[in-house]
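Protein chains in written order, with our numbering: chain A, 1 to 437; chain B, 438 to 874. Don't be surprised by glycine CBs; every beta carbon is placed ideally from N, CA and C.
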């Protein structure tokens, strides 16, 4: 038997691509050496958000008295790591079964094994040689091993711990780093950030980066540049101050997980080099998601995989890659889509920014989370929206309105004219859209 | 001095219209006999949502142990009505000051007085006769007085209570009724709904109505049709069963609050009859919001008032009135925009419905609120979206994406193609948009 497509890896690129391939009638096999759902489902996006929900609930409960809830003594509150983990694992299992259901429904086969690419039409796995017309590499990435802390725990290791560290040192960069630091802070630990890069999140607008840095300061989470820190046994010295830690967690910039391959795949900075259709240097071998190094976001991985299926089905892709949101599940949440102010400036566009504070939004006030704002960046000829940035308790969901607006090339006038329900936090889109100088 | 515009009433029609009028350079005066912000701000939208936030927090805290939060005994939890009220009043004050600030900034004057319309160009208030070029009536509505319970409390009266009733009888119809019933249920009271109409919410899609009826059943809130109930002193009899109550709250269908007027305003079912521009039978006298009986939603009132200002400024209005969302702050929340299935059927359109459950959404699962769904109703020629309905913990914010989509005449293809961040609840738009038979 010859498959139309063998997918190696079952994360957001692999499982989404496989479902779509099945729907399109492609005879499809997914091979993964570990868990269905990959990193995102098993120790990435989903578990971290589930644990953050627990931590945010603990955080919010502390202000219950203000809302008129009696019977809670903040001093009595505690965090049960094993229970939070158990709840998380139940969610992961449910979603994992959901993926297997959708594969089955769409005729997709699954093989738990290590895969080796023998040729553009042959994959070896489970001591068999499998024939295929196309291969999609969706093996993802992992944090690069650290030279300063070669034995640092990974996020996956963290979930195996009986008890949590009191003073974790989180070394790396990016949204995960910030989320993890605030997670530990909200459950009463004393995390330290060892920042390999500053800004912490290089693709974020400088305005948001500056906001989150202030937030971390308020949270009393030290942010120490790796380059300036002197590391001793179980403490590090920065600005003449000693910072103790009892565990190191590796949240470093990522390196690709490359499958074994006989055909030599061309790399770029260690990631599989691909063209606009996400095809590698070897015709018939595609790479989507983290492994191609274009982005490290789950939703972009899925979108790329769908584009691979389109390409295999001879559907032509649009010239440009799409706008996609960047979400940070911090406290409060932050989200961004489109161009940053720096990117707009670099293009010499005439632009304006309409900013509207959450403190003027009735619904945000009723929710007790009026800390934040919306910023709408638009060019000044037609007022087309070029970028949107939101800081709000539910920014990660709110950003979706900007996504569809930008997909349809909407303007600030469209936002101002669209009737938004009252009272909602989403009204800030309308209010910001309507700002007149 | 002659005003360009006198606005009578300062709710969502009055205050929003006045701000825009000021921005457009119209010399504007707002007259209100009571509070700045009208019913919506002072005892409607905002206070009810603030109190619901408190009740929902109490409700959520009961499952804190499942999230891994220790130190809370559900049996110890209590609801402090006075504290919840105090928090609410602080929010109301802040928003009220915000409106006054925006008025001042835009040169709008305010007079606290009872207004009487003497002619299309004269208003009497505070023992003075004020000259104006235009008048906007934005006096709102109140629940109609009940024949069965003439002394029933209003929502406004409720906020003056020292302690809450144990078994409130909520008599009337609409979203407020459902929200209020669930509020009492969540804080541990035993509310009874006396339903003047069934469906409870006539403008809601039958699918959502049926969902909320089931929800009320789960909440053990009896829903008794007014027409079939026999009322005794402090109990009512329905289906041979006695239901005690210790207070009656009037949430009846609304009647207009009409200002005194020498020119005879033509009415329709008791509300000021207006044309597409919201002008009454008397040229120069407009009516926006509840008082014209076209809608009883705050955001529609604001939108109408903006259209009045456009009309005064000689900006032509689009032919059709706009789509607007309908939000119910129930537990879970419900939201709807565009046509209901019944309305689509009545137009003999070819349509389909894509429905996607929240139980398959990772973010909803992590939040512990995967009860709900999205339904997208679209015509089958171009797949243009005709209506969207959502049940979800944050449905009232999620619906805003559908608002901008429909304003820009988007399709299910647009939803499926737009990259939605993972993991977010808003992904259900993309997932539902991508459903293929």
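Going by DSSP, which residues form a beta bridge with residue i?
i, result
"residue 580 of chain B", "B:691"
"residue 681 of chain B", "B:672"
"residue 225 of chain A", "A:195"
"residue 336 of chain A", "A:326 and A:389"
"residue 412 of chain A", "Bridge partners of residue 412 of chain A: none, in fact."
"residue 355 of chain A", "A:375"
"residue 111 of chain A", "A:31"
"residue 79 of chain A", "B:506"
Quick one: does residue i have its CB under 8 Å from some CB of chain B?
i, result
"residue 371 of chain A", "no"
"residue 57 of chain A", "yes"
"residue 422 of chain A", "yes"
"residue 87 of chain A", "yes"
"residue 67 of chain A", "yes"
"residue 103 of chain A", "no"
"residue 81 of chain A", "yes"
"residue 12 of chain A", "yes"
"residue 327 of chain A", "yes"
Report the rounded CA-to-CA distance for residue i versus residue j, giving the unit in angstroms.
i, j, result
"residue 165 of chain A", "residue 230 of chain A", "21 Å"
"residue 2 of chain A", "residue 289 of chain A", "25 Å"
"residue 677 of chain B", "residue 683 of chain B", "20 Å"
"residue 576 of chain B", "residue 363 of chain A", "23 Å"
"residue 38 of chain A", "residue 151 of chain A", "23 Å"
"residue 333 of chain A", "residue 298 of chain A", "18 Å"
"residue 497 of chain B", "residue 387 of chain A", "35 Å"
"residue 376 of chain A", "residue 382 of chain A", "14 Å"
"residue 621 of chain B", "residue 687 of chain B", "15 Å"
"residue 643 of chain B", "residue 636 of chain B", "8 Å"
"residue 111 of chain A", "residue 130 of chain A", "11 Å"
"residue 307 of chain A", "residue 848 of chain B", "20 Å"
"residue 633 of chain B", "residue 689 of chain B", "8 Å"
Using a beta-carbon distance below 8 Å, is residue i in contact with chain A?
i, result
"residue 465 of chain B", "no"
"residue 636 of chain B", "no"
"residue 662 of chain B", "no"
"residue 737 of chain B", "yes"
"residue 854 of chain B", "yes"
"residue 873 of chain B", "yes"
"residue 543 of chain B", "no"
"residue 563 of chain B", "no"
"residue 632 of chain B", "no"
"residue 802 of chain B", "yes"
"residue 393 of chain B", "The question about residue 393 of chain B has no answer here: the residues shown for chain B are numbered 438 through 874."
"residue 823 of chain B", "no"
"residue 628 of chain B", "no"
"residue 797 of chain B", "yes"
"residue 531 of chain B", "yes"
"residue 612 of chain B", "no"
Please go through the same chain and pick out, in chain order, the residues whose beta-carbon is closer than 6 Å to the beta-carbon of residue i, but skip the five residues on each side of it.
i, result
"residue 811 of chain B", "793, 827, 865 and 869"
"residue 28 of chain A", "5, 18, 21, 22 and 108"
"residue 133 of chain A", "4"
"residue 224 of chain A", "194 and 238"
"residue 359 of chain A", "370"
"residue 591 of chain B", "687"
"residue 434 of chain A", "416"
Suppose the cutoff is 7 Å on Cβ atoms and the five residues either side in sequence are ignored; what does the same chain contact list for residue i look like?
i, result
"residue 234 of chain A", "244, 245 and 246"
"residue 483 of chain B", "477, 528, 529 and 532"
"residue 13 of chain A", "138, 288, 289, 301, 302, 304 and 305"
"residue 310 of chain A", "317"
"residue 63 of chain A", "368"
"residue 188 of chain A", "79"
"residue 393 of chain A", "332, 333, 367 and 369"
"residue 595 of chain B", "686"
If I measure Cβ to Cβ from residue i and keep anything under 8 Å in the same chain, skipping five residues before and after, which residues do I get?
i, result
"residue 817 of chain B", "787, 788 and 789"
Contained beta strand (DSSP E) runs [length at least 3] in the segment 114-190 of chain A, N- to C-terminal order: With a minimum length of 3 residues, the unbroken runs of beta strand (DSSP E) contained wholly in the segment 114-190 of chain A fall at 115-119, 122-125, 128-137, 141-143 and 168-172.
What beta strand (DSSP E) runs, 3 residues minimum, are completely inside the segment 19-44 of chain A? Counting whole runs of 3 or more residues, the segment 19-44 of chain A contains the beta strand (DSSP E) stretches 28-32.
Ignoring anything shorter than 3 residues or poking outside the segment 692-731 of chain B, list the beta strand (DSSP E) runs there in chain order. Here the runs fully enclosed are 722-724.
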